[in-house]
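Undergrad:
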Amino acid sequence: MTMNRPENYQYPLNDAWTTDEIITVSRFYEKIEAANDSTVPTADLLSAYQAFKTIVTSKSEEKQLSRAFEAASGLSIYKTMQAAQTTNKQRFQYRS
Numbered sequence: 010m011t012m013n014r015p016e017n018y019q020y021p022l023n024d025a026w027t028t029d030e031i032i033t034v035s036r037f038y039e040k041i042e043a044a045n046d047s048t049v050p051t052a053d054l055l056s057a058y059q060a061f062k063t064i065v066t067s068k069s070e071e072k073q074l075s076r077a078f079e080a081a082s083g084l085s086i087y088k089t090m091q092a093a094q095t096t097n098k099q100r101f102q103y104r105s
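Taking this note's numbering, I'd label the letters of the sequence shown as residues 10 to 105.
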């Protein structure tokens with residue numbers, strides 16, 4: 010686990026989401042954590058992001074959730090995904 014990340018924090022979620030949508034978004038957050046802690050298959054992270062985008066369709070909501078996630082976890086969705094989308098490696102680890 011990242012040294013400066015709190016052990017227990019809540020994922021930012023929308024009360025209007027269905028259970029399946031909450032699971033999908035939570036899985037994406039887990040992939041972001043994994044990409045920052047170790048390595049993940051790049052395709053899995055990109056796929057989780059695409060699934061997240063089907064639920065969070067507006068850019069403003071995505072930015073709001075990303076800021077809330079970063080405030081809670083210390084991890085940047087934007088920076089992690091920016092790096093993941095430009096890599097040509099099969100496995101990905103974000104290093105800040």
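Don't be surprised by glycine CBs; every beta carbon is placed ideally from N, CA and C.
Would you mind giving the Cβ-Cβ distance between V49 and K40, rounded to the nearest angstrom? I have them listed as a contact below 8 Å.
TA: Here residue 49 refers to the residue found at position 40 when the sequence shown is read from its first residue. Here residue 40 refers to the residue found at position 31 when the sequence shown is read from its first residue. With a Cβ gap of about 6 Å, V49 and K40 count as contacting.
Undergrad: Name the one or two DSSP bridge partners that V49 has.
TA: Within the sequence shown, the letter at position 40 stands for residue 49. Paired residues: F101.
Undergrad: Tell me where the alpha helix (DSSP H) around A25 begins and ends.
TA: Residue mapping note: residue 25 aligns to position 16 of the sequence shown, counting from 1. Counting along the chain, A25 falls outside any alpha helix (DSSP H), and DSSP gives it neither H nor E.
Undergrad: Do you know how far the Cα of P21 is from the Cα of Y87?
TA: Residue mapping note: residue 87 aligns to position 78 of the sequence shown, counting from 1. Residue mapping note: residue 21 aligns to position 12 of the sequence shown, counting from 1. So the alpha carbons of these two residues sit roughly 15 Å apart.
Undergrad: How far does the alpha helix (DSSP H) with L84 in it reach, from first residue to last?
TA: As a working note, residue 84 is residue 75 in the sequence shown. Per DSSP, L84 belongs to no alpha helix (DSSP H) and is neither H nor E.
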